[in-house]
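Residue numbers (full-length UniProt numbering), protein chains in the order written: chain A, 1 to 341; chain B, 1 to 341. This report concerns only the one structure given below.
If you want it as structure tokens, here you go:
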């Protein structure tokens with residue numbers, strides 16, 4: 001986290017890039033008339049210093065387009081297959097509509113399309129952007145920073161300095177994971193496994209950290225990598241059963257992968273929760289309720305997270321001189337007990 | 001259908017509105033500098049004559065924004081709950097991405113937001129629009145016509161003259177419905193019911209027409225109105241069982257409402273297909289395959305319809321001097337037999 005006063009200034013970027021303050025301003029604000037060679041220097045200095053234009057911290061009080069872009073850093077097939085995104089969009093849509101602001105969802109086929117998304121964002125079509133499902137090696141944050149539109153991220157940013165330089169909304173992934181694993185340990189389970197999410201996402205990394213907080217000496221074979229999908233949960237559960245046939249509990253990083261794990265456990269003849277107790281994450285309805293057996297899970301309010309992201313962008317939040325977590329919001333989670341654990 | 005040469009011209013609109021040709025051109029192209037009182041006259045004349053600006057018939061060869069809007073005339077909750085839209089968007093997304101054009105999905109909470117969609121479309125943010133799931137009393141076609149961007153519709157337009165003045169992609173709803181009902185009649189069923197879709201949509205109206213083509217004298221109590229949702233299918237099936245306990249077959253207007261009907265039939269103790277045979281429409285996977293029993297249904301290629309809409313918009317299609325159906329595409333359907341009938 002930056003120290004007070006350490007936030008990079010426009011002047012610092014200008015000095016680093018060896019250009020004038022006005023040139024930095026023009027590049028950062030997406031204005032024309034800057035030679036590409038200079039623009040490249042400015043963008044490099046912006047990235048190196050982690051400079052955040054003031055615009056990104058400003059409110060949208062002076063809206064020009066009455067439109068806000070939503071960018072989900074997943075292929076559109078994933079966006080429509082995972083109800084997480086529908087829930088988050090529902091919260092966003094309600095909040096934007098209440099302010100008569102158009103929700104503009106920018107769909108992509110994959111990461112190769114993110115440069116085009118950046119062009120659209122910087123092209124004067126939207127007043128701001130809401131961005132979620134970022135992956136660690138995704139160029140999107142840099143692209144969005146370069147686009148110079150106010151942005152709120154969904155999920156804790158994973159890149160160095162990200163938490164101090166952007167606004168975001170997240171839930172307490174690490175604390176939620178701890179409560180899930182403590183619950184399983186409290187049931188007397190001694191071979192507790194974890195099916196992770198996509199580990200290039202901070203939500204998955206934080207849930208894995210929560211698992212390790214409670215079980216610091218856990219057998220490494222009890223952690224199997226998943227990807228937040230039902231198919232990923234199935235594959236991980238098969239690996240776990242191969243490696244550790246004595247597994248007696250599973251904490252899956254989300255309800256969808258827990259549902260996949262339940263199918264594999266059933267097919268292997270294990271009874272849930274008698275032989276293997278299972279806990280998910282999300283409390284995604286109807287996935288969690290309609291699972292067989294219904295899932296014990298860690299509830300996060302996904303729709304509310306979407307609503308908060310939109311509200312934060314629209315309302316704007318004054319940034320303190322030394323930006324800190326105060327600009328972002330981390331929502332609590334809650335263990336919901338059903339039959340699976 | 002218009003007669004050759006009867007297509008309204010810019011001049012005709014100018015004469016009707018009592019303004020100059022240049023004024024009509026400015027209004028139609030969304031340019032500034034026209035007094036509102038004149039603009040209103042022009043828009044009224046455009047609507048009355050069913051005038052289609054040339055831009056709407058032009059290709060997008062000269063793209064300005066490298067972006068195409070998709071407007072689904074349903075609340076966003078419906079968009080994410082019905083896999084039909086995901087499939088159509090998949091086709092659209094693939095085609096647009098292949099041309100490095102950004103897909104801009106404009107989500108709404110409801111019809112009250114359509115005026116805002118019109119403002120976005122006419123605001124210089126997209127090169128064209130793909131519009132689907134229109135309802136008969138929806139102001140969207142007028143709004144979109146006023147926005148003056150090239151447009152392709154998904155589904156046969158239902159308003160007077162619509163088929164002759166806009167480009168659209170649809171499947172053979174009426175022929176598909178006929179094949180479903182003929183199949184049920186061919187099984188010896190004599191009390192064949194129909195659960196309609198939302199009858200303010202042409203797809204539902206056309207499927208009902210197909211049902212009546214085969215069974216012109218059908219008992220009116222054998223037609224129950226649904227709305228393309230599983231819950232609507234359940235409600236309609238309950239009404240049918242109340243009114244006609246001797247029903248021995250059901251043609252549901254889509255797979256989702258057929259799935260709802262199957263649940264009610266099972267709860268009522270009817271065996272499918274022994275007591276009541278059921279046919280759906282769409283061949284929506286996994287809905288149709290995972291239904292219990294798996295659904296016999298009328299297959300339409302939903303993804304391909306989306307792809308064709310995008311291709312038609314990007315490629316442009318020269319309109320013949322007397323516009324006719326040649327500019328639009330109606331895809332064939334195919335009966336897919338599974339266990340439910």
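Where a beta carbon is used, it is the ideal one built from N, C-alpha and C, also for glycine. Here the structure is a predicted model, which means the values were calculated and not measured.
Can residue i and residue j be called in contact, C-beta distance under 9 Å?
| i | j | result |
| --- | --- | --- |
| residue 307 of chain B | residue 76 of chain A | no |
| residue 36 of chain A | residue 16 of chain A | no |
| residue 272 of chain A | residue 340 of chain A | yes |
| residue 82 of chain B | residue 171 of chain B | no |
| residue 192 of chain B | residue 249 of chain B | yes |
| residue 310 of chain B | residue 134 of chain B | no |
| residue 106 of chain A | residue 152 of chain A | no |
| residue 335 of chain B | residue 218 of chain B | no |
| residue 147 of chain B | residue 120 of chain A | no |
| residue 118 of chain A | residue 143 of chain A | yes |
| residue 123 of chain A | residue 65 of chain B | yes |
For residue i, count the other beta carbons within 10 Å of its own beta carbon; 16 or more makes it buried, fewer makes it exposed. Which is it?
| i | result |
| --- | --- |
| residue 231 of chain A | exposed |
| residue 333 of chain A | buried |
| residue 234 of chain A | buried |
| residue 61 of chain B | Because residue 61 of chain B carries a pLDDT of 49, less than 50, the predicted location of this residue cannot be relied on, and no value is offered for it. |
| residue 204 of chain B | buried |
| residue 141 of chain B | buried |
| residue 108 of chain A | buried |
| residue 285 of chain A | exposed |
| residue 40 of chain B | exposed |
For residue i and residue j, what's the separation of their Cα atoms in angstroms?
| i | j | result |
| --- | --- | --- |
| residue 264 of chain B | residue 237 of chain B | 7 Å |
| residue 252 of chain B | residue 42 of chain B | 44 Å |
| residue 13 of chain B | residue 161 of chain B | 16 Å |
| residue 280 of chain B | residue 313 of chain A | 44 Å |
| residue 240 of chain A | residue 199 of chain A | 17 Å |
| residue 33 of chain A | residue 206 of chain A | 44 Å |
| residue 259 of chain B | residue 177 of chain B | 17 Å |
| residue 288 of chain A | residue 221 of chain B | 39 Å |
| residue 136 of chain B | residue 298 of chain A | 44 Å |
| residue 165 of chain A | residue 88 of chain B | 38 Å |
| residue 19 of chain A | residue 10 of chain A | 11 Å |
| residue 26 of chain B | residue 257 of chain A | 56 Å |
| residue 154 of chain A | residue 174 of chain B | 45 Å |
For residue i, which residues in chain A fall below 8 Å Cβ to Cβ?
| i | result |
| --- | --- |
| residue 307 of chain B | Simply none; closest approach about 13 Å. |
| residue 109 of chain B | 93, 94, 97 |
| residue 51 of chain B | Those within 8 Å of residue 51 of chain B in chain A number zero; the least Cβ separation is about 27 Å. |
| residue 132 of chain B | The premise fails here: residue 132 of chain B is roughly 15 Å from chain A at the closest Cβ pair, so nothing lies under 8 Å. |
What does residue i reach in chain A if we use C-beta pairs closer than 9 Å?
| i | result |
| --- | --- |
| residue 77 of chain B | 86, 90, 93 |
If you reduce the DSSP assignment to three classes, tell me which class residue i lands in.
| i | result |
| --- | --- |
| residue 162 of chain A | helix |
| residue 58 of chain B | Its pLDDT being 43, under 50, residue 58 of chain B is placed unreliably in this model, and the coordinates cannot settle the point. |
| residue 303 of chain B | helix |
| residue 282 of chain A | strand |
| residue 85 of chain B | helix |
| residue 102 of chain A | strand |
| residue 335 of chain B | strand |
| residue 135 of chain A | coil |
| residue 193 of chain B | strand |
| residue 217 of chain A | coil |
| residue 318 of chain B | With a pLDDT of 35 at residue 318 of chain B, under the threshold of 50, the predicted position of this residue should be treated as unreliable, and no value is reported. |
| residue 123 of chain A | coil |
| residue 342 of chain A | The question about residue 342 of chain A has no answer, for chain A in this structure spans 1 to 341. |
| residue 19 of chain A | coil |
| residue 296 of chain A | strand |
| residue 228 of chain A | coil |
| residue 156 of chain A | coil |
| residue 147 of chain A | helix |
| residue 340 of chain B | coil |
| residue 91 of chain B | helix |
Give the interface partners of residue i over in chain B, defined as CB-CB distance under 7 Å, in chain order.
| i | result |
| --- | --- |
| residue 263 of chain A | In chain order: nothing, as chain B lies at least about 13 Å away. |
| residue 125 of chain A | 125 |
Could you list which residues in chain B have their beta carbon closer than 9 Å to that of residue i, in chain order?
| i | result |
| --- | --- |
| residue 311 of chain A | Within 9 Å Cβ-Cβ: nothing; residue 311 of chain A doesn't reach chain B, min ~16 Å. |
| residue 102 of chain A | 106, 107, 108, 113, 116, 117, 119, 120 |
Would you mind telling me which residues of chain A sit closer than 7 Å to residue i, beta carbon to beta carbon, in chain order?
| i | result |
| --- | --- |
| residue 408 of chain B | The displayed coordinates of chain B run from 1 to 341. Any statement about residue 408 of chain B would go beyond what the structure contains. |
| residue 67 of chain B | 120 |
| residue 228 of chain B | None at all; the shortest Cβ gap to chain A is about 17 Å. |
| residue 251 of chain B | Ordered by position in chain A, no residue passes the 7 Å Cβ test against residue 251 of chain B, which lies about 28 Å from the chain. |
Which residues of chain B have a Cβ atom closer than 8 Å to the Cβ of residue i, listed in chain order?
| i | result |
| --- | --- |
| residue 160 of chain A | What residue 160 of chain A touches in chain B: nothing, since even the nearest Cβ is about 30 Å away. |
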